[in-house]
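A.B. asks: Those protein sequence lines, which keep their order, are chains A and B.
So for the first sequence, the numbering used here puts the first residue at 1; every next one is plus one.
So for the second sequence, the numbering used here puts the first residue at 399; every next one is plus one.
Each residue gets a CB set at the ideal place from its N, CA and C atoms; glycine is no exception.
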Amino acid sequence: MTADDTGCTILHVDMDAFYASVAIRDRPELQGQPVIVGGGNRGVVLSATYAARQSGVRSAMPMTRARRLCPRALVIAPDFEQFSTVSSAIMETFRSVTPLVEPLSMDEAFLEVKGSLRRFDSSTRIGEHLRARIADEQRITCSVGVAATTQVAKLASRRAKPDGLVVVPHDEVTAFLHPLAVEELWGVGEKTAAQLHRLGLRTVGDIAHTQVSIMQRALGPVVGARVHAMAWGSDQHTIIARRGADEPEHSIGADETFSRDVDDAAIVLRELLRLSTKVAARMRKACVKGRTVTIRVRFYDFTTFTRSRTLRDATDLTPEIYATAAGLFSALGLQRARIRMVGVRVENLCDSATATRQLLLGERQHGWEDAERAVDRAVHRFGGAAVRPATLLKTSRP
Amino acid sequence: MKFRVERDVLAEAVAWTARSIPTRPGTLPQLSGIKMATRSDGLTLSGFDYETSAQVTLLADIADDGEVLVSGRLLADIARALPNQPVDVALDGAKLSLTCGSSRFSLQTMPVEDYPALPDMPEVAGGIDGDVFAAAVAQAATAAGRDDMLPVLTGVKLEIDGQRLSLLATDRFRLSLREIEWRPGQSDLSASALVPARVLADTTRSLGAGSQLNIALAAGGSGGLAGDGLIGFESTSGNGTRRTTTRLIEGAFPNVRQLFPNTSDISAQLEVASLVDAVKRVSLVAGRNTPIRLSFTDVMVTLEAGNGEEAFASESLECTLVGEEISIGFNPSYLLDGLSAISGSHVHIAMTQPARPAAFASMNAPDAQPDLDFRYLLMPLRMQG
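1) So K493 (chain B) is in the beta strand (DSSP E); what residue range does that whole segment cover?
2) What is the residue span of the alpha helix (DSSP H) that H380 (chain A) lies within?
3) How about G727 (chain B): is its C-beta nearer than 9 Å to some C-beta of chain A?
4) Here's the rule: buried if 16 or more other CB atoms are within 10 angstroms of the residue's CB, otherwise exposed. What is Y774 (chain B)?
5) In terms of residue numbering, what span does the alpha helix (DSSP H) encompassing H228 (chain A) cover?
6) Could you name the residues of the same chain whose beta carbon sits closer than 8 Å to that of P778 (chain B), not counting the 5 residues immediately before and after it, in chain order?
7) Tell me, please, which residues DSSP counts as bridged to T292 (chain A).
8) Which same chain residues, not among the five before or five after A671 (chain B), have their C-beta less than 6 Å away from its C-beta?
9) State the DSSP-derived secondary structure class of Q151 (chain A), mapped to helix, strand or coil.
10) Quick one: Cα of E247 (chain A) to Cα of T425 (chain B), how far?
11) Between A:V375, A:I207, A:F302, which has its C-alpha nearest S233 (chain A)'s C-alpha?
12) Beta-carbon of L657 (chain B) versus every beta-carbon of chain A: anything under 9 Å?
13) Do L516 (chain B) and P453 (chain B) count as a contact pair if the criterion is CB distance below 9 Å?
14) Is G187 (chain A) buried or exposed, if buried means 16 or more other CB atoms sit within 10 Å of its CB?
15) Less than 9 Å between CB atoms is the rule here; does R361 (chain A) satisfy it with respect to chain B?
16) Quick one: using the 10 Å Cβ neighbour count with 16 as the cut-off for buried, is T436 (chain B) buried or exposed?
17) So, R336 (chain A) versus D235 (chain A), is the Cβ gap smaller than 9 Å?
18) Answer yes if the segment 178-186 of chain A comes into contact with the segment 119-138 of chain A, meaning at least three C-beta pairs across the two stretches below 8 Å, and no otherwise.
19) Mind checking which residues open and close the alpha helix (DSSP H) that includes T93 (chain A)?
20) Using the beta-carbon of each residue, which ones in chain A are nearer than 8 Å to G706 (chain B)?
21) Would you say P778 (chain B) faces chain E, with C-beta separation under 9 Å as the test?
22) Considering I239 (chain A), what are the terminal residues of the alpha helix (DSSP H) in which it resides?
23) Compute the Euclidean distance between the alpha carbons of S588 (chain B) and T750 (chain B), then round it to the nearest angstrom.
24) Taking a cut of 7 Å between CB atoms, which residues from the segment 556-574 of chain B lie near chain A?
25) Could you check which residue in A:A193, A:A194, A:A231 has the C-alpha nearest to that of Q211 (chain A)?
26) Helix or strand or just coil, what does DSSP make of D735 (chain B)?
27) Against chain B, does R307 (chain A) count as a neighbour if the rule is that its beta carbon must be under 9 Å from one of theirs?
28) What does R399 (chain A) reach in chain B if we use C-beta pairs closer than 9 Å?
29) List, in chain order, every chain B residue whose beta-carbon is nearer than 7 Å to that of D376 (chain A).
30) Looking at F694 (chain B) and I724 (chain B), is the spacing between their C-beta atoms short of 9 Å?
31) In or out: H197 (chain A) buried (at least 16 other Cβ within 10 Å) or exposed?
32) Grouping DSSP H, G and I as helix and E and B as strand, with all else coil, what is P549 (chain B)?
33) Would you grab the beta carbon distance between E81 (chain A) and H12 (chain A) for me? Rounded to a whole angstrom, and I think it's under 8 Å.
34) Per DSSP, which residues does R417 (chain A) bridge with? Please list them.
35) Counting along the chain, where does the alpha helix (DSSP H) carrying R562 (chain B) start and finish?
36) Distance cutoff 9 Å, beta carbons only. Does A759 (chain B) sit that close to anything in chain A?
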């Protein structure tokens, strides 16, 4: 708490084991227990509590491996709706401190707090304030990194985990950075790291003390210069206030990873219908309509295609979203390609109250619009499976 | 090949033929050419893009017979720029030479045997005044679709029932219907054809002016191109004969005629010119896909449009209303399209409900009977709420 945070106006706030923390916050008996959030036969670990991490469980690890490493861990299926609600609330908490919030994912964000220092005295105060508020309001913990640049702030929050705050004062940046392994730098992935290792560069300090021109020759003029600059703690990233990808104002989507790769177009189309139904219902609940329908198709080898089409009028109706999604899928012209995952997303959202629709000649006065509202009411009363397209009846999903 | 032709006659004929030359001939470079051939009845120029063919026959002093294929674009540019004197054209080896006054041009020719045969002109079904037909096509084509995903709706449907010729087009949001008289070859002729709207409008415009037009029809299977129906137009004027054919659109045009409501509870009449001006002004502030709202009372209609909080406009006009007051919203450009196709001084708008279509018809004077030879049916643009 005594660290000098002068000039350190960037905060990186990262929830600790976000999915897992949210999943167990209402179950005090699981506090301190190994818990894994993930699911499905082939699912991967989305998040694990620190107790599970001690056994070596990591995010993105195949579930089967995680179970072997930590057999006594409790596995909880993810509830994305709840995660999304908590995420939105957290982002709003951030925005109560500064409007300059750049969400990186559901559970982490950069904050530029230069303009809030008068109100809060210091960046460290702001970090502690946010930690206290989130612990109080959401009953989950988070870690905060405070620094002069985004890159250093992100590294600092990692150092602070779990449930801590680390300030990297301006004059200690190089001392903080240089002992780190090159992989720790933001944007240095496996490939770049391998190239650096080949040059004998193992730590950030090694990079810092290599000539820029050599870095540029090894990694290309842009990346080389950027990595070198980052090794000295400077980066050009400025915080841009925007909505997170998972916040409802931006887009609404759903996807499904099949438990086994699928090469039958009929099954994929049925899944697109199910996802369209889900997306449309969520849109109506959020009182938004959208004009752009996007599908994502991931093949067995993880290559992913994205295709989208913008409609003339904004919609929140299953038949219109599905027809567009199915049309996009058919246009890919796949011949029994093995598909791992499909997703449907609607973008270009607007408030339902301001949306217009050009009526069609000869269309019925009471169309899908009324039918879907009736479905919503039935589902509200009798639960999710009460009414759904006949195509989706009696079919166990593959 | 060798002939002499008047500069204006040549320039006009080349320009007209060049319209059907594809801009991107792709793998068929010969289609970028105009074929010139001498025949017993004069000189013919041909252009073709496998959809539409154009052929003009004109008078020329022919000294020597032959045929040649040269770049259409270049020929059109040259013909347009020549001085106003007779043009001498002669084939000299593989080059075509054009001499006009003291200007001389030499053009590389393309192998004429590579040029495809033009489809045969189908049998003439009847005739009509070119100007009348061009105006009718322009009115009907207003409502034609532009979405290539729905090719059937990009056409104008021609329906022939004896002396009655109907032209219909719709893009699902609006529908236009024009009915005219024509002179069929047989008085009991009954036929129909779905013609690409853009080609039809271009063709009739370029053939129109002051000429008599023969319309020729071939059903699918009997035209020059295997399996496809064909429509041909032929006009003769002092400068020669022009013939053009175009491929018909395949597929069934929806049965839309019955969409015109038989009765309407509400009707309004307004002066067209002032309504058009007001719509143009008010719709300046209409956002993308936001309606212009027309609120009718006994003596007045108020036009309103806006774009959220950003801008708003309104204007009031005199009008005569029969029936209950109504407020109805339209896509501003669809409304303008319909009003622009109205030929009379006043427009008659028949309505029933804010979510039901409105039918527009022309009136030649206030309180006159609406002229039902042209009707435009427009579906409203609704706030979804």
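C.D. replies: With the given structure in hand:
1) Per DSSP, K493 (chain B) is one residue of the beta strand (DSSP E) stretching across 493-498.
2) First-last of the alpha helix (DSSP H) with H380 (chain A): 368-382.
3) Taking Cβ atoms only, chain A reaches closer than 9 Å to G727 (chain B), which makes this a yes.
4) Answer is buried; the Cβ neighbour count reaches 16.
5) 221-231 is the span of the alpha helix (DSSP H), which, as asked, contains H228 (chain A).
6) Hits under 8 Å: P689, I726, G727, F728, P752, A753, R754, P755, A756.
7) T292 (chain A) is bridged to A:T310, A:E347.
8) Answer for A671 (chain B): no residue qualifies.
9) Secondary structure of Q151 (chain A) (DSSP, three-state): helix.
10) Because the pLDDT of E247 (chain A) is 48, which lies under 50, any placement of that residue in the model is unreliable, and the question is left without a value.
11) This sequence places Gly at residue 233 (chain A); Ser is not what is there. For G233 (chain A), the closest C-alpha among the options A:V375, A:I207, A:F302 is that of A:I207.
12) Taking Cβ atoms only, chain A reaches closer than 9 Å to L657 (chain B), which makes this a yes.
13) This sequence places Gln at residue 453 (chain B); Pro is not what is there. The answer is yes: Cβ separation under 9 Å.
14) Classification of G187 (chain A): exposed, given that the 10 Å Cβ count is below 16.
15) It is worth fixing the name first, because residue 361 (chain A) is Leu in this sequence and not Arg. Closer than 9 Å: yes.
16) With at least 16 other beta carbons inside 10 angstroms of its own, T436 (chain B) counts as buried.
17) Annotated as distal: R336 (chain A) and D235 (chain A), with beta-carbon spacing of 9 Å or more.
18) The segment 119-138 of chain A is not in contact with the segment 178-186 of chain A.
19) Per DSSP, T93 (chain A) belongs to the alpha helix (DSSP H) from 80-95.
20) Identification of chain A residues near G706 (chain B) by a Cβ-Cβ cut-off of 8 Å yields T354, ordered along the chain.
21) Of the protein chains in the structure, A and B, none is chain E.
22) I239 (chain A) -> no alpha helix (DSSP H), and no H or E assigned at all.
23) C-alpha separation (whole angstroms): 34 Å.
24) Cβ contacts with chain A come from T568, R570, F571, L573.
25) Taking only the C-alpha atoms, the option nearest Q211 (chain A) is A:A231.
26) D735 (chain B) falls in the helix class under three-state DSSP.
27) Not an interface residue.
28) Lying outside 1 to 398, the shown extent of chain A, residue 399 (chain A) is not represented and no answer is given.
29) Within chain B, no C-beta atom comes nearer than 7 Å to that of D376 (chain A); the closest sits roughly 15 Å away.
30) The Cβ atoms of I724 (chain B) and F694 (chain B) sit closer than 9 Å to each other.
31) Per the 10 Å Cβ criterion, exposed.
32) If DSSP states are grouped into helix, strand and coil, P549 (chain B) belongs with the helices.
33) The C-beta distance from E81 (chain A) to H12 (chain A) rounds to 26 Å, too long to meet the 8 Å contact threshold.
34) This structure gives no information on residue 417 (chain A), because the portion of chain A shown stretches from 1 to 398.
35) For R562 (chain B), there is no enclosing alpha helix (DSSP H); the enclosing beta strand (DSSP E) has its first and last residue at 562-568.
36) Taking Cβ atoms only, chain A never reaches closer than 9 Å to A759 (chain B), which makes this a no.
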